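The next block holds one structure in the form of structure tokens; read it before the comments.
Number of protein chains: 6
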Amino acid sequence: MKELSHFDENNNAIMVDVSGKQATSRSAVAKSSITLATDAYEQVREGTNKKGDVLGTARLAGIMASKQTSSLIPLCHPLPLQKASVDFEWEEGESRHTLHISAFVKTSGQTGVEMEALTAASVTALTVYDMCKAADKYMVIGPTFLEEKIGGSSGYFKRDAE
Amino acid sequence: MKELSHFDENNNAIMVDVSGKQATSRSAVAKSSITLATDAYEQVREGTNKKGDVLGTARLAGIMASKQTSSLIPLCHPLPLQKASVDFEWEEGESRHTLHISAFVKTSGQTGVEMEALTAASVTALTVYDMCKAADKYMVIGPTFLEEKIGGSSGYFKRDAE
Amino acid sequence: MKELSHFDENNNAIMVDVSGKQATSRSAVAKSSITLATDAYEQVREGTNKKGDVLGTARLAGIMASKQTSSLIPLCHPLPLQKASVDFEWEEGESRHTLHISAFVKTSGQTGVEMEALTAASVTALTVYDMCKAADKYMVIGPTFLEEKIGGSSGYFKRDAE
Amino acid sequence: MKELSHFDENNNAIMVDVSGKQATSRSAVAKSSITLATDAYEQVREGTNKKGDVLGTARLAGIMASKQTSSLIPLCHPLPLQKASVDFEWEEGESRHTLHISAFVKTSGQTGVEMEALTAASVTALTVYDMCKAADKYMVIGPTFLEEKIGGSSGYFKRDAE
Amino acid sequence: MKELSHFDENNNAIMVDVSGKQATSRSAVAKSSITLATDAYEQVREGTNKKGDVLGTARLAGIMASKQTSSLIPLCHPLPLQKASVDFEWEEGESRHTLHISAFVKTSGQTGVEMEALTAASVTALTVYDMCKAADKYMVIGPTFLEEKIGGSSGYFKRDAE
Amino acid sequence: MKELSHFDENNNAIMVDVSGKQATSRSAVAKSSITLATDAYEQVREGTNKKGDVLGTARLAGIMASKQTSSLIPLCHPLPLQKASVDFEWEEGESRHTLHISAFVKTSGQTGVEMEALTAASVTALTVYDMCKAADKYMVIGPTFLEEKIGGSSGYFKRDAE
Numbered sequence: 001m002k003e004l005s006h007f008d009e010n011n012n013a014i015m016v017d018v019s020g021k022q023a024t025s026r027s028a029v030a031k032s033s034i035t036l037a038t039d040a041y042e043q044v045r046e047g048t049n050k051k052g053d054v055l056g057t058a059r060l061a062g063i064m065a066s067k068q069t070s071s072l073i074p075l076c077h078p079l080p081l082q083k084a085s086v087d088f089e090w091e092e093g094e095s096r097h098t099l100h101i102s103a104f105v106k107t108s109g110q111t112g113v114e115m116e117a118l119t120a121a122s123v124t125a126l127t128v129y130d131m132c133k134a135a136d137k138y139m140v141i142g143p144t145f146l147e148e149k150i151g152g153s154s155g156y157f158k159r160d161a162e
Numbered sequence: 001m002k003e004l005s006h007f008d009e010n011n012n013a014i015m016v017d018v019s020g021k022q023a024t025s026r027s028a029v030a031k032s033s034i035t036l037a038t039d040a041y042e043q044v045r046e047g048t049n050k051k052g053d054v055l056g057t058a059r060l061a062g063i064m065a066s067k068q069t070s071s072l073i074p075l076c077h078p079l080p081l082q083k084a085s086v087d088f089e090w091e092e093g094e095s096r097h098t099l100h101i102s103a104f105v106k107t108s109g110q111t112g113v114e115m116e117a118l119t120a121a122s123v124t125a126l127t128v129y130d131m132c133k134a135a136d137k138y139m140v141i142g143p144t145f146l147e148e149k150i151g152g153s154s155g156y157f158k159r160d161a162e
Numbered sequence: 001m002k003e004l005s006h007f008d009e010n011n012n013a014i015m016v017d018v019s020g021k022q023a024t025s026r027s028a029v030a031k032s033s034i035t036l037a038t039d040a041y042e043q044v045r046e047g048t049n050k051k052g053d054v055l056g057t058a059r060l061a062g063i064m065a066s067k068q069t070s071s072l073i074p075l076c077h078p079l080p081l082q083k084a085s086v087d088f089e090w091e092e093g094e095s096r097h098t099l100h101i102s103a104f105v106k107t108s109g110q111t112g113v114e115m116e117a118l119t120a121a122s123v124t125a126l127t128v129y130d131m132c133k134a135a136d137k138y139m140v141i142g143p144t145f146l147e148e149k150i151g152g153s154s155g156y157f158k159r160d161a162e
Numbered sequence: 001m002k003e004l005s006h007f008d009e010n011n012n013a014i015m016v017d018v019s020g021k022q023a024t025s026r027s028a029v030a031k032s033s034i035t036l037a038t039d040a041y042e043q044v045r046e047g048t049n050k051k052g053d054v055l056g057t058a059r060l061a062g063i064m065a066s067k068q069t070s071s072l073i074p075l076c077h078p079l080p081l082q083k084a085s086v087d088f089e090w091e092e093g094e095s096r097h098t099l100h101i102s103a104f105v106k107t108s109g110q111t112g113v114e115m116e117a118l119t120a121a122s123v124t125a126l127t128v129y130d131m132c133k134a135a136d137k138y139m140v141i142g143p144t145f146l147e148e149k150i151g152g153s154s155g156y157f158k159r160d161a162e
Numbered sequence: 001m002k003e004l005s006h007f008d009e010n011n012n013a014i015m016v017d018v019s020g021k022q023a024t025s026r027s028a029v030a031k032s033s034i035t036l037a038t039d040a041y042e043q044v045r046e047g048t049n050k051k052g053d054v055l056g057t058a059r060l061a062g063i064m065a066s067k068q069t070s071s072l073i074p075l076c077h078p079l080p081l082q083k084a085s086v087d088f089e090w091e092e093g094e095s096r097h098t099l100h101i102s103a104f105v106k107t108s109g110q111t112g113v114e115m116e117a118l119t120a121a122s123v124t125a126l127t128v129y130d131m132c133k134a135a136d137k138y139m140v141i142g143p144t145f146l147e148e149k150i151g152g153s154s155g156y157f158k159r160d161a162e
Numbered sequence: 001m002k003e004l005s006h007f008d009e010n011n012n013a014i015m016v017d018v019s020g021k022q023a024t025s026r027s028a029v030a031k032s033s034i035t036l037a038t039d040a041y042e043q044v045r046e047g048t049n050k051k052g053d054v055l056g057t058a059r060l061a062g063i064m065a066s067k068q069t070s071s072l073i074p075l076c077h078p079l080p081l082q083k084a085s086v087d088f089e090w091e092e093g094e095s096r097h098t099l100h101i102s103a104f105v106k107t108s109g110q111t112g113v114e115m116e117a118l119t120a121a122s123v124t125a126l127t128v129y130d131m132c133k134a135a136d137k138y139m140v141i142g143p144t145f146l147e148e149k150i151g152g153s154s155g156y157f158k159r160d161a162e
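Protein chains in written order, with full-length UniProt numbering: chain U, 1 to 162; chain V, 1 to 162; chain C, 1 to 162; chain S, 1 to 162; chain Z, 1 to 162; chain E, 1 to 162.
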């Protein structure tokens, strides 16, 4: 005779069923940022970082990471991506300078691509950290958030102006 | 006759040589956080999130991601890890509540494990996002930063009190 | 002049052509099990295993492994999955106790998801083994088998009662 | 003011610290098996399986999977492997025939390689299943278990004769 | 106030948008080759290579690599594959012998599968190299090229006779 | 009673035992090349390729692939790498232009890093192919070969001058 597992019967992790959802065009924009001290910042801007081209490497890392999202995030559905890109903007400050990261991902599928865009933005930032950490241990990543989401049953989402 | 590539000869990406470094015991603590609206927060605390146990899933995702760091971060050296853990603390707020994430990684190797700890903390936060995004699209991840680093030629690092 | 390779012309591995198959809804249930000695069993039930929550971790490992099936099984076709879940039942015995594992996977595609379900069930069991092996080296995994299969040209399959 | 997370403070998953362990020579043998109906069995023996050489493919899948163990098993430590092999024995029966699988893995490290050997044996069996499933849906994998373990603080382990 | 990043605004890596393309049947054939000294060649032909069956292993490695193409090639779109195969032909020479490799990949998708076929052919050749390198360090891989491509907006492509 | 598997007892694939080898400093240089038509070549040189910076992307792809070598090449031992770099030289021709690729990899381990260097060079070339294939379908990759190898029991190897 078999006995049901009791302490475990609620709150079980599941990759939820999306078979009832429509395969439609979906895209998402996620934002992140990282602050750099002046030395680290100048290395990036002047191309003197000893690990090489920081923004080019970080952008590629982000794009490649978007394709690994369903391996990294346990309950995320695998999706074929149609487009992925990462853009940068610099905001100079007094003693620290901010690299603004914007990741865009697009697909046609049954679930949205927020996680793909957020993963791309996060790994882009982590890669900048890795390349600049010899010059600055005080870098701060984030805030990281969803900026915009198009498609899917929940409709259009645009984060309010801060 | 061969001509050197000119426009590309500076700033080339490289996985730098660490063969001259000592293989010593190294560890790192990275911090991240994510803010949740009350609905999403209560789902996590009460175990009613439809994808299952949020903190348990996110912790595992972070630990597993620490082992993928050198695949995700292009110029990061592969390292065998000796320990990885993720801890949480809640900070309740007025309308939004903050989950503080602390990731610890330890190895014996020629390079530090900051990136492994930062990757663990980031993927932990991303997993919380994935599991709660049906309830809250305004979650914000970060700040994400290095809290402490032990071992290696640059010695002990502890981030100043905020 | 070229000569055909002879000793190798038969029995060559191939990822067979599925382009002629219909992309239809398909699902599969696979079963596995693992036996634990009383000490290991009590650690799982009472939450005192030193590696943490055994069933929660094993379930997630199984779900995540289902997404890696086509990387692990050489001639398996890659498939986007729509749902994956793992359930447990305990059967207490005299000296050893059996954890019954049931893995469910669903997709819409040109091939079935038996391998995804079997991989999920197997990796779930392997994870229980990993977490309990300090307490019990005599654990036995299996039998592991296909319980049910829905969709595809071969139609409905349900394993006979044992 | 911060409040500790309560419902989650016990039983947290952790990749436990192995830094205090000796890096010594370690090896393990794991066993699994799979039963095949006569048709499927003859395809394997006669080299007429439409996916190709079943045992050669399954053996390679097992060896390759041993190298992915720490990616698949969440709390398993990454280890460089020094040797991996998979051997087969056939046991013919009345209506079903059993393929016995034996996987051997060796390393020099701080943790044992049971999980690598068990993963190799399991993925070998799963690959046989994948290649023969068009001919037989009643294949059964297992029992899968640790046969022998050499090295490490727990010393030599040899499973008792069945 | 934010300032645009200047030195980085051109030539940014992007996974280009394929959402406007038709999902049609596509296939590709890629060719590669590797030359072996007589000793290494005889090991392959006679089955005496100490790492085992060279062509069987190399074929599987190529097929499996085709499924990893979008992880390896940074700006390649992920595609579910419908078929993958690798074929060999030997061309005996005076002192060195050439193994001709032909990889075929097929899908239904929005982009072609040239890269999948080229990756399969390349990894097949690299695996032969790995298995024979104890006997011959002068092996040469290539030329590696696209032989044929079917489907997609650019139409049929067949490389001119050499 | 068990019967040994006969048709499979020779030529079995194995990841051979390297436990008897010394862990010493080892490095390798591999070379590859790819030829481009003038249009494709000018896109690379002038930074007008629609997928972005070709050489920067290809270099990173090669470095990252070197870290995946033991996943791609079935019987290759996993190795932690200490350094990886990729360099380029252009050789202009009449109608086609050759990009010469040189990949360097270094480790301290029990096996050499030829395969890591060859994999890096190959994936670098494949990435150039991917980014230029819209402009040129006649690109040819290779010859790809080992140029130099330092360390290990077989001693120093330097390919003869061409």
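No residue lacks a Cβ here, since even glycine has one placed at the ideal position from N, Cα and C. Everything numeric in this text was worked out from a predicted model, so none of it was measured.
Going by Cα to Cα distance, which pick from the options is closest to residue i?
i               : options                        : result
T111 of chain V : V:I14, V:N12, V:G52, V:S27     : V:S27
I34 of chain Z  : E:G93, E:Y156, E:L118          : E:L118
S108 of chain E : E:S154, E:I150, E:V128         : E:I150
Q82 of chain V  : S:G20, S:G152, S:N11           : S:G20
S154 of chain S : C:Y138, C:F157, C:A134, C:D160 : C:A134
Residue i by DSSP, collapsed to three states: which one?
i               : result
R96 of chain V  : strand
A103 of chain S : strand
V18 of chain E  : coil
V140 of chain S : strand
S153 of chain U : coil
T69 of chain U  : helix
V113 of chain E : coil
L75 of chain S  : coil
A28 of chain C  : strand
So which residues on chain E does residue i lean against when the C-beta distance must stay under 7 Å?
i              : result
D53 of chain U : G56
Give me the chain Z residues within the contact set of residue i, using Cβ-Cβ distance strictly less than 9 Å, ordered along the chain.
i              : result
A13 of chain C : G56, R59, L60, I63, S85, V86
L79 of chain C : P80
Is the Cβ of residue i closer than 7 Å to any Cβ of chain C?
i              : result
P74 of chain Z : no
Just reading off the beta strand (DSSP E) that residue i is part of, what are its end residues?
i              : result
L55 of chain Z : Unbroken run through L55 of chain Z is the alpha helix (DSSP H), 54-66; no beta strand (DSSP E).
S82 of chain U : Position check: residue 82 of chain U holds Gln in this sequence, whereas Ser was assumed. Looking at the DSSP string, the run of the beta strand (DSSP E) that includes Q82 of chain U is 81-91.
Are the C-beta of residue i and some C-beta of chain Z separated by less than 7 Å?
i               : result
Q82 of chain U  : yes
P143 of chain E : yes
Residues of chain E with CB under 9 Å from residue i, in chain order?
i               : result
E114 of chain Z : Y129, D130, K133, K137
Kindly indicate if chain U contains any beta-carbon less than 7 Å away from that of residue i.
i               : result
K2 of chain C   : Note that K2 of chain C scores 48 on pLDDT, short of 50, meaning its location in the model is unreliable; the coordinates nonetheless yield the value given after this. It does not: the Cβ of K2 of chain C has no partner Cβ on chain U nearer than 7 Å.
D39 of chain C  : no
L118 of chain V : yes
Run down chain U in chain order and give the residues with a C-beta less than 9 Å from the C-beta of residue i.
i              : result
Q22 of chain Z : Under the 9 Å cutoff, chain U gives no residues; its nearest Cβ is about 12 Å from Q22 of chain Z.
What in chain U is Cβ-close to residue i, meaning under 8 Å?
i               : result
S108 of chain C : S19
Could you tell me whether the Cβ of residue i comes closer than 7 Å to any Cβ of chain E?
i              : result
S27 of chain V : no
Using a Cβ-Cβ distance cut-off of 7 Å, determine whether residue i contacts chain V.
i               : result
V123 of chain U : yes
Determine, for residue i, whether the minimum Cβ-Cβ distance to residues of chain S falls below 7 Å.
i               : result
V105 of chain C : no
S70 of chain E  : yes
Name, please, each residue of chain V whose Cβ falls closer than 7 Å to the Cβ of residue i.
i              : result
K67 of chain E : S70, S71, P78
Span of the alpha helix (DSSP H) holding residue i?
i              : result
A40 of chain U : 38-46
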